[in-house]
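Just so you know, we're using my numbering here: the first sequence kicks off at 24 and counts up by one. Presented below is the structure to which this report refers.
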Amino acid sequence: MAKEQYDHKKVEEDSRALWSQLDLYNTDLSNTEKDPYYLLVEFPYPSGDLHTGHWYAYAMPDIYARYLRMKGKNVLFPFGFDAFGLPAENAAIKRGLDPKEWTYANMDTMRTQVKNMGVSFDWDKEVITCDPEYYKWTQWLFSKLYEHKLAERREAAVKWCPKDQTVLANEQVLNGHCERCGTEVEEKFLTQWFLKITQYAKRLLTDLDPLPWREEIKEAQRAWIGESEGAKISFPLKNIALEDLEVFVEVFTTRPETIFGVTYIVLAPEHPLLPTLMPAVLNTEEVEAYKLATTKKTERERSENKEKTGVKLEGVFAYNPATLDVVPVYVADYVLASYGTGAVMAVPAHDERDFEFATRQNQLSAQTQQHHLIFDFDGVLGDTFEKVLLAQVAMGNVPDIETARNHVLNYASKKPHHARDHSLTPEELQYNYDWTDKFGEILHANGIELFTEFVDEIIKIPNAKIAVVTSGSVKYVGPAIENSKLNPSHVLTFEDHHSKEEKVERIARDWGVNLNEISYFTDTKADYYELETILDQKKIFGCAWGFLGADVLEEVMPRSQILENYSDIHTVVKSLESNKSAGTMLSIKQVVVPCSVDQINPPQDGLEDVKRDTVVVHLRDKSTGKFALLNWHGTLEGITTAIMGGIEEGQTPEEAALAEIHEEAGLEGVQIIHTAPWVTAAKYCASHKGQNRTAHAYGFIAEVENLSNQKETTEYEQKTHTLTWVDESEVLSSLTPAHQKQIWEILHSENALTTDGYLINSGEFDGRDSQEAMSDILDSTGAERVTQYRIRDWLISRQRYWGCPIPVVYDPEGNPHLVPAEHLPWTLPTDVDFSPTGKSPLATSKELHERVERIFGKGWTPEYDTLDVFVDSSWYYARYLDSKNQTDFSNQAVMKQWLPVDRYTGGAEHTTVHLLYSRFFYKALYDMALVPTPEPFIERFNRGIILGPDGQKMSKSKGNVVNPDALVQEFGADAVRMYLAFIGPYNEPGSYPWNLGGVESMRKFLDRIYRLSNKVTDSSTTDEFTLALGKAAAKIGGDIEKFKFNTAIAALMILVRDLESFTEIPRTTYRELLLLLAPFAPHLSESLWHVSGGTEQSIHSTVWPHQDMSFTEELATIIIQINSKKKGEITIEREATEETVLGLAREIEAVNNVLGSDSSARVIYVPGRILNIVTSVSSTSNCTTPLI
RNA sequence: GCCGCGGUGAUGAAAUUGGUAAACAUAGGGGACUCAAAAUCCCCUGUCGGUAACGGCUUGUGGGUUCAAGUCCCACCCGCGGCACCA
């Protein structure tokens, strides 16, 4: 009589002894009779302790390995150690241990622990990367890569971990921190070894597509490789005199079609061209300071600082090959030196980052350079003069206005002379002013009003320092100044003989500002000419205030525009500068118009396409905050839009907007408060005109003070639409046409416009689709189409000790040479100082130096760096196939049979590091005909993470670590394995909190199977048992193949529960149950196998029960539904006809009622599944109990 | 921000790929055996109404397609993961 519980310690010991005696898992790789299957787990770093994660990593694939063997496969399931790495070295530094001894001792411990899990690894194939037998071949493969120009030594900016005192590969830097220790990485410029993974970027990408991996793994790799299609465009550079510098900046862009919108060029601070350009740069100090500041910043600081910084290269310009414009050149660290060409063409209108930079740059220049305003009226105002002249006529001093004007012109003819010749004495000048004296009193009377009005506006300009310059005619302006809001500090008084130069210099001195920070408003042509030689032309604002030279000054800025805008100096500057691309302010020029197609009236084929300019105005009622919308009637019934209409000939968009508000809403006195930054378009068919239209829309937000003086609109307007007011939050959802929604969104966006559309402001390409025109634009600019990758070459040098020595030596001239194959393995010296100094520990080895000189000659020196450990692990799966081979890295014949790996399981953290490196390495070997296939792994499963019972990641500091050893002691290895298998699906990226009761419940389940042996008899099996076993075997087998161990165990539980309901179980049935249990609980199943049968053979070398197909035809449960609600069920042969089922279903009262009362009832029958009766008659009657 | 994956009871999770939602467990409740406890066995356990038979509702939210939707389509919300100034 069996006991209640099994003795897991004895069971496990006995089983292990048997397996070792039978040498069960030593795979014969040369066996060609059985189908080979290569199951690979990521080999561990020998840290010395085995935790829950290791159990999960090895015991789960073991279920599959055991299952596959039972299915008759020749399974290779090898194990080894990724034994080079920092912890060994740190143990050496901290505790004075020998890294080698420490590592080998840890491996001994881990081997025992792994064996206690009952994992069926083939230890015979074991690989240890720090073993010279292994790293000899790592070195040999490195040599091959070097010979094929895939390994290269070069100087580059590299990531440096100050804590680990070594460089890191890009893949080992997470968010600017060292992946291993979390220390913030620094940037250094060093000569290091690289593997040219970038050459394989394209193939790593395309070969990914057919792999049956989970999408998130493939996506992660794709993102890491980061392919983008674009073009390289060359911009010639010019100096301040716009002479060619014979230097070209090449930029990379993915949107070459926006080249007409380029307003500046940006170079990365590390751009190699920069030193060449410096002689042409005027502000060298500023540029050097910026470069220094950025190189001091860490990568993290650079990207954390959201504000984009940069400096302009004064005196250097780039020539846009498309627009033939000259644009400024900046140095800014938002451009990365290591990507593309390290330079970009900035299109602020259509690129988010350029937009940010340009906006910020414009804000800065507005702040720093527009603060000092000078208004110089020379004492006379043009409009005043007109009034004065009229007054003179009226008073009879002159007969007519013509005569009056001639007096004035006579005066004026002397003015330019006096302005240029400052040798005139005040006495001499006095003569010229006699004429003006005559007008003095009248000026006094009439001039004040206009001046005061002007000053009132000027004074509102925020943060502006204002000076009003008066001159000899101060006696006329003086009273005006007194009458205005100006105070004495606003006024500087000069004599007429003072030149403009003197004036400006004094202003600068008195205010303590730079000349280039002064903006000058003047009113005369003469002043303008003279100022030109002193001030930057762009800072002079002629406003045609004076009565002369209006023609010239109006060209600079029309007076009407000044009047319109002078309350906002930023607007003045912006609109002025947008006309001059080389100005201080960066223009933001839209070249792509997003275009939507009207859904209700789409354009029709064969009609003429007419362009039309329209306005779309969102009118806001200031008192309620509601917005006006139009509900259209007639043919446009159901459409809701904002106020809208066409722009008539000669109208500005603003004028049109105000006119439409008047027409459609009957409102006046409306203010435009916001203008959409971008023009959008819609295509539709104007069927009444028989034409297709492309409507450009200028969006506006306008505001109305009050609705009290709203007037009736015309009858026509009233008929076509109704005006409604809605809350701001409802506007977007109320608008019906997509284009209207788009305008609303653009009115509220402060971003660049990154969508596609058609081109404007693009010369000959205007009107063409931006995507379609791209290739023609490329051709016209002589651009080169290129594909760029984000991935960088793999930096493999490490300034550490415990790694594979790079098999390179340097001749006395410093040139690298491979260590010849006969000297491999190029062994790691032992006489070294481990302490991390930033220099490689190998440099301290006397033995290494002597070895090099002995072999290669005097003056030759060794390479001191060791290889990144990821090189070691990039090919270990090939070594498993012939791990003891002395003459080759593996075995070609065996590789041909066994590679690629059929299924590779591991952690998600290796997706972009180990997995990508391995694929690259393997492809490189494939190209050298060293491995048989281009991809190393057919399937890749990333396992989930086991969390602590608190749902947090297990860590010693949190005290939530589950120790598997203690659980194994108490419940046995099989229970721990099964609990892990049951916790959830393995091949999903989830995470599972450890449930403390879980292992115990699994143990109880195992005990139930153990106790079931009490019921075993030698009676022969019945169909019932055969059917149940067959079903379970198929289900469990299928689930194991999919790594859905949780549902496999559920099926096993159901089987056990069913068997428990019998008082007697046939021996064959019980033994088949044990077979199904074997992959999950290898020890217990082995033990029970022998107890119940007495065979000498291991259960793990027997065959998985197959489902007897003659028992698969079974009854099906058919669900009877009325209107898709379950009313009962019928168990019947799977193939039963509709009539049969319906006949039986009639016995359900509800069904019968329906079929009796509703002759139109429809019946849907899916054989083996469902019978659904669809009726409009409600089946209120209660249904009877289900039938058989 | 972009990309990917996901969202189902108190919890881990199932669901023949469009066909009985919640299998199998854990936790909880009740019972049997026992002087008692452990062990073992049995029953209940999505939610609302009802003593019950039974009925209504329910797979993040809102729509849609369909005889039928956790599963398909559209919009949105939330969580996790990857990339992130990559032009």
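A virtual CB, placed ideally from N, CA and C, is assigned to each residue, including glycine. What you are looking at is a predicted structure, and each value in this text was computed from that prediction instead of being measured.
Between residue i and residue j, which are expected to be in contact by the criterion C-beta below 8 Å, what is the C-beta distance as a whole number of angstroms?
i, j, result
"residue 337", "residue 367", "Between residue 367 and residue 337 the Cβ distance is about 20 Å, and since that is not below 8 Å, they are no contact."
"residue 911", "residue 220", "The Cβ separation is near 25 Å, so there is no contact."
"residue 809", "residue 275", "7 Å"
"residue 1187", "residue 1142", "Contact doesn't hold; Cβ gap of about 12 Å is too wide."
"residue 1040", "residue 1094", "Actually they do not touch by this definition, with Cβ atoms about 13 Å apart."
"residue 663", "residue 759", "5 Å"
"residue 1121", "residue 45", "6 Å"
Going along the chain, which residues of its own chain have a beta-carbon closer than 8 Å to the beta-carbon of residue i, five neighbours each way excluded?
i, result
"residue 1103", "86, 997, 1000, 1001, 1004, 1068, 1071, 1072, 1075"
"residue 168", "174, 218, 947"
"residue 212", "178, 179, 180, 181"
"residue 1079", "1028, 1031, 1032, 1035, 1096"
"residue 981", "971, 973, 975"
For the beta strand (DSSP E) containing residue i, list its first residue and its last residue.
i, result
"residue 1140", "1138 to 1145"
"residue 925", "924 to 929"
"residue 719", "714 to 727"
"residue 174", "174 to 184"
"residue 353", "349 to 355"
Quick one: what's got a C-beta closer than 6 Å to residue i's C-beta in the same chain, skipping five residues either side?
i, result
"residue 828", "849, 851, 889"
"residue 738", "none"
"residue 289", "353, 355, 358, 367, 369"
"residue 794", "779"
"residue 184", "191, 201, 206, 208"
"residue 1058", "1074"
"residue 882", "835"
From this set, the options, which residue's C-alpha is nearest residue i's C-alpha?
i, options, result
"residue 1147", "1154, 1117, 1185, 1125", "1185"
"residue 797", "676, 140, 282, 955", "282"
"residue 43", "708, 144, 709, 187", "144"
"residue 770", "751, 951, 1033", "751"
"residue 1053", "1013, 981, 234, 1127", "1127"
"residue 944", "96, 226, 64", "226"
"residue 297", "284, 1121, 311", "311"
"residue 260", "253, 272, 834", "272"
"residue 642", "658, 727, 1026, 1006", "727"
With a CB to CB cut of under 7 Å and the five nearest residues on each side skipped, what residues in its chain are close to residue i?
i, result
"residue 243", "934, 935"
"residue 37", "1110"
"residue 899", "66, 103, 150, 152"
"residue 766", "639, 699, 703, 720, 722"
"residue 262", "268, 303, 338, 339"
"residue 735", "689"
"residue 990", "999, 1022"
"residue 838", "none"
Would residue i and residue j qualify as a contact pair, given that the criterion is a beta-carbon distance under 8 Å?
i, j, result
"residue 688", "residue 638", "no"
"residue 1101", "residue 134", "no"
"residue 1044", "residue 1092", "yes"
"residue 140", "residue 82", "yes"
"residue 887", "residue 224", "no"
"residue 954", "residue 61", "no"
"residue 293", "residue 341", "no"
Alpha helix (DSSP H) containing residue i: first to last residue?
i, result
"residue 1064", "1046 to 1064"
"residue 989", "987 to 994"
"residue 1187", "Taken as a continuous stretch (DSSP letters only), residue 1187 belongs to no alpha helix (DSSP H), being part of the beta strand (DSSP E) at 1185 to 1189."
"residue 138", "122 to 139"
"residue 676", "676 to 688"
"residue 1070", "1068 to 1083"
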